[in-house]
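Residue numbers (my numbering), protein chains in the order written: chain R, 1349 to 1436; chain X, 666 to 1019; chain P, 306 to 431.
Using N, Cα and C, we set each Cβ at its ideal position, and we do this for glycine too.
Fair warning: this is a prediction, and the values are worked out from it, not measured in the lab.
The structure appears below as structure tokens.
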């Protein structure tokens, strides 16, 4: 059990480091989603089921979806502007 | 199909607006006669005044040119090949001709350099210093999982031993956040509401809110499966919400699941369908009524408790669904606030308005 | 000091995650990655608080079979505090992303270096 906990904590540190080293923003958001899910599992191992439910629904559900929506909106505006600039 | 045409219409309008040099005041109202149950006001999309189009008329990174002849800092690596090196005379000519060009001077480059070096140094020292001090403090703390540590004192014993007979709820965490310390939960529901209002104000007046992101007819398979599964997700969310005082769950988890179910439905079928059930006015009024109800109920508990009277709410037998006194209505109001806030945030970022 | 840290490995990991989140917040150029770093800092503090409430050998604080003895349940107080914190973290993240949209409107980019230079240039025009 202790070994499993140490494995999950190592995965957390690896995810947190990997967010800085990726080149694309979308992969950073996906890595952040998996960080949230593993954090939820650790809270279950620390005997707090309320926190695990809330973090699973909120961290991997709402926050990551909002990140992806904002990235897509900014990419769309960027494409429209660069097309406009290209035509000029 | 009218939905696809509508989507193409709105996005093309945005692209044309970016391309053209026309005045924003000549932007025509969008044609929304195609939509059926549309209860949106036409004027609600017209966020910009005709006199001040300055919100979307911004400087672009390519508008910056350098005005120094000799320097070793190459701005072209930051701003692309558009910004080359020019003379002082050319810089002055550029600055006169176009109101949108800004010329960088030598002082800016030096200040940016020193700012960068200073910032890197301070951030390295700050990070290492903070983590080092915290780890040093951690080595003096009691052991992990120790029953005799000072954090497990008589407060925890009182809550566990007399939690059931005081509040009637078997989930001690729910009893703490909705009965013993319910005022903190009220403050947190207010923070959610404030964040929603702030995001509404910011998104509705931004340039990017003029087109809809996810308005495309989704594949038939997705719509069919969501139509089958949505009722079960909603029932699951309501179950977790109502049983918050007996099993793990409560207002926040149940509300987040309900909000996710509404967002899922809005993704597959379009937010217009959800707007027939839940317009903007309905959403705000529901959240306000839920918060007001929570505040009134907690005010009643404060007054009764401070006067030393016994409250007239029956507690019921622990283990039943209708036990726990006022915990079930408070759970429902917190659930309403969280669910509508979550759906409102999704709709704002995906469409530009709720 | 290392011996004392070895038994508190969860809290030590939480503090290291706090440091990594702080470094991401300060060093990254992209605004979206700064917000992700801020979120990592917040969840690491929640992990620290929850680990402080755990007692070895006891179960979740849900009273079953009418046993209200303290020997069977962990400390529920840090759990209640962190529950409030998670929802506040969501609100703050949503608000920060709305501010990102406005910054993109004004500056046209989400790169912090370019925004700093543009801001300095605008200020020096006065």
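Identify the contact partners of residue 808(X) in chain P, using a Cβ-Cβ distance below 8 Å as the criterion. Neighbours of residue 808(X) on chain P, chain order: 312 and 313.
May I ask you to list, following chain order, the residues of the region 1356-1381 of chain R that have a beta carbon less than 8 Å from some beta carbon of chain P? Per Cβ criterion, the list reads 1357, 1360, 1361, 1364, 1365, 1367, 1368, 1373, 1376, 1377 and 1380.
Okay, do the region 991-1002 of chain X and the region 900-914 of chain X touch, 3+ Cβ pairs below 8 Å being the bar? Judged by pairs of C-beta atoms under 8 Å, the region 991-1002 of chain X touches the region 900-914 of chain X, as three or more such pairs exist.
Mind pulling the chain R residues with CB within less than 8 Å of residue 364(P)? Listed along chain R are 1395, each with a C-beta nearer than 8 Å to that of residue 364(P).
Whose C-alpha, out of 833(X), 967(X) and 846(X), is nearest the C-alpha of residue 979(X)? For residue 979(X), the nearest C-alpha among the options comes from 833(X).
Between the region 925-940 of chain X and the region 1006-1016 of chain X, can you find at least three pairs of beta-carbon atoms closer than 8 Å? Segments in contact, yes.
Quick check on residue 964(X): does DSSP put it in helix, strand or coil? In the displayed model, residue 964(X) falls within a helix according to three-state DSSP.
Is the CB-CB distance between residue 837(X) and residue 383(P) below 8 Å? The answer is no: Cβ separation not under 8 Å.
Is residue 321(P) close to the ligand GTP? I mean its beta-carbon at under 7 Å from any heavy atom of the ligand. For the ligand GTP, the structure offers nothing, since it holds no ligand at all.
Starting from residue 874(X), trace the alpha helix (DSSP H) in both directions and tell me its first and last residue. Run containing residue 874(X): none; DSSP gives neither H nor E here.
Identify each residue in the region 367-383 of chain P for which the Cβ-Cβ distance to at least one residue of chain X is less than 7 Å, and report them in chain order. If the cut-off is 7 Å between Cβ atoms, the region 367-383 of chain P has 367, 368, 373, 375, 378, 380, 381 and 382 near chain X.
Hey, residue 1398(R) and residue 914(X) are a contact pair by Cβ (cut 8 Å); roughly how many whole angstroms apart? Right, their Cβ atoms sit about 7 Å apart.
My output table needs one value for residue 367(P): the three-state DSSP class, helix, strand or coil. In this structure, residue 367(P) counts as strand in the three-state DSSP scheme.
Where residue 1431(R) falls: helix, strand or coil (DSSP): DSSP, reduced to helix, strand and coil, places residue 1431(R) within a helical segment of the structure shown.
Anything in chain X within Cβ reach of residue 1418(R), meaning under 7 Å, just list it in chain order. Those are 1014, listed as they occur along chain X.
Check for me: the alpha helix (DSSP H) holding residue 357(P) runs from which residue to which? Its alpha helix (DSSP H) spans residues 336-357.
Assign residue 810(X) to one of three DSSP states: helix, strand, or coil. Judged by DSSP in its simplified three-state form, residue 810(X) adopts strand.
Quick check on this structure: which residue in 1401(R), 1423(R) and 1418(R) has the alpha carbon closest to the alpha carbon of residue 922(X)? The option with the nearest alpha carbon to residue 922(X) is 1401(R).
Could you tell me whether the Cβ of residue 346(P) comes closer than 8 Å to any Cβ of chain X? It does not; no Cβ of chain X falls within 8 Å.
Looking only at C-alpha atoms, which of 971(X), 959(X) and 972(X) sits nearest to residue 843(X)? When each option's Cα is compared against that of residue 843(X), the closest is 959(X).
State buried or exposed for residue 787(X), treating a residue as buried only when at least 16 other CB atoms are found within 10 Å of its CB. Residue environment analysis places residue 787(X) among the exposed positions, since fewer than 16 neighbouring C-beta atoms fall within 10 angstroms of its C-beta.
Report the partner residues of residue 836(X) according to the DSSP bridge assignment. Looking at the DSSP assignment, residue 836(X) forms a beta bridge with 367(P).
From the DSSP secondary-structure annotation, give me the bridge partner or partners of residue 985(X). For residue 985(X), which the question treats as bridged, DSSP gives the partners 983(X).
If we define contact as Cβ-Cβ less than 8 Å, is residue 308(P) a contact residue for chain R? Not one beta carbon of chain R lies nearer than 8 Å to the beta carbon of residue 308(P).
Please list, in chain order, all residues of the same chain as residue 405(P) whose beta carbon is under 6 Å from its beta carbon, the five residues on each side excluded. Here the set comprises 336.
When the Cβ atoms of the region 1409-1418 of chain R are set against those of the region 396-413 of chain P, are three or more pairs found closer than 8 Å? Yes, since at least three Cβ pairs between the region 1409-1418 of chain R and the region 396-413 of chain P fall closer than 8 Å, the two stretches touch.
Between residue 910(X) and residue 835(X), which are expected to be in contact by the criterion C-beta below 8 Å, what is the C-beta distance as a whole number of angstroms? Taking 8 Å as the upper bound for CB-CB distance, residue 910(X) and residue 835(X) are in contact here, some 7 Å apart.
Let me confirm a value: residue 957(X) is counted as buried when at least 16 other C-beta atoms fall within 10 Å, else exposed. Which label applies? Exposed, by the Cβ-count rule.
Do you know whose CA, among 1365(R), 1372(R) and 1392(R), lies nearest residue 1349(R)'s CA? That would be 1392(R), whose Cα lies nearest to the Cα of residue 1349(R).
Between residue 1008(X) and chain P, is the shortest Cβ-Cβ distance under 8 Å, so that the two count as touching? It does not: the Cβ of residue 1008(X) has no partner Cβ on chain P nearer than 8 Å.
In chain R, which residues lie with their C-beta within 8 Å of the C-beta of residue 409(P)? The contact set of residue 409(P) on chain R, defined by CB atoms closer than 8 Å, consists of 1422 and 1425 in chain order.
If you drop the 5 nearest sequence neighbours on each side, which residues of the same chain put their C-beta closer than 8 Å to that of residue 320(P)? The residues are 349 and 353.
Alpha carbon to alpha carbon, how far is residue 418(P) from residue 794(X)? Give it in angstroms, no decimals. In this structure, the CA atom of residue 794(X) is about 25 Å from the CA atom of residue 418(P).
Below 8 Å between beta carbons: does that hold for residue 1365(R) and residue 325(P)? Yes, they are a contact pair.
Note down, in chain order, every chain X residue with its Cβ under 9 Å from the Cβ of residue 406(P). Chain X residues near residue 406(P): 867, 868, 871, 872, 873, 874 and 1014.
Contacts of residue 333(P) in chain R (Cβ-Cβ under 7 Å): Result: 1368.
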